[in-house]
Amino acid sequence: MILDPNKQLLLVRKKGSTFYMLPGGKFEAGENVLQTLKRELREELNLQVQEANIEFLGTHETDAVNEPNTRVHGSLCRINLPHTQIFTPQAEIEEVVWVSRENYNNYKFAHLAEEFILPKWLQISAS
Numbered sequence: 167m168i169l170d171p172n173k174q175l176l177l178v179r180k181k182g183s184t185f186y187m188l189p190g191g192k193f194e195a196g197e198n199v200l201q202t203l204k205r206e207l208r209e210e211l212n213l214q215v216q217e218a219n220i221e222f223l224g225t226h227e228t229d230a231v232n233e234p235n236t237r238v239h240g241s242l243c244r245i246n247l248p249h250t251q252i253f254t255p256q257a258e259i260e261e262v263v264w265v266s267r268e269n270y271n272n273y274k275f276a277h278l279a280e281e282f283i284l285p286k287w288l289q290i291s292a293s
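Positions in the sequence shown are counted from 1; adding 166 to them yields this note's numbering.
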């Protein structure tokens, strides 16, 4: 969960998908959660993040939206950026958007985002 100073949430949409989700991806051999997150953010957004700026928030399991008959196990971490950045989509990412409490209903969320991430973000952004 990447947040800007206004507590807007950064979402991505993969090529060929209509669902919005957090940036991230699958583990590679020998990686832990933080290593995977740092690698995926570099690959998808060209964003470099220090481990000291990453807060682990929990895990959730649900059905994958882009892979039939597949369960996805997500680990949620929070990263607060010092300012709103414009990101150019890279790798399998087609679109990068910042959403606010005012416009998030305009987006179709992947299951993991809708079930787990959205409630946490709405709680955080209300404070």
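The beta-carbon is built from N, C-alpha and C at its ideal position, and this holds for glycine as well.
- Under a 10 Å Cβ-count criterion, ALA276 is classified as buried, with 16 or more other Cβ atoms of the shown protein chains found around its own Cβ.
- Counting only the Cα atoms, SER183 lies some 11 angstroms from GLU233.
- Per DSSP, reduced to three states, the secondary structure at ASN172 is coil, with no helix or strand assignment.
- Around the beta carbon of GLU221, a 10 Å sphere encloses fewer than 16 other beta carbons of the protein chains shown; the residue is thus reported as exposed.
- With contacts defined as CB atoms closer than 8 angstroms, GLN256 and GLU209 qualify as a contacting pair.
- A contact is defined here as three or more CB-CB pairs under 8 angstroms, and the region 195-206 fails this definition with respect to the region 171-183.
- In the structure shown, THR225 adopts extended strand secondary structure according to DSSP, grouped into three states.
- As the crow flies, the alpha-carbon of VAL265 is around 13 angstroms from that of GLU280.
- By the Cβ-count criterion, PRO285 is exposed, with fewer than 16 other Cβ atoms from all chains shown falling within 10 Å of its own Cβ.
- Taking 4 residues as the minimum length, the alpha helix (DSSP H) runs contained wholly in the region 197-267 are 199-211, in order along the chain.
- Of ASN235, LEU176 and GLY190, the smallest CA-CA separation from ASN269 is found for LEU176.
- Residue pairing from DSSP places LEU177 in a beta bridge opposite VAL263.
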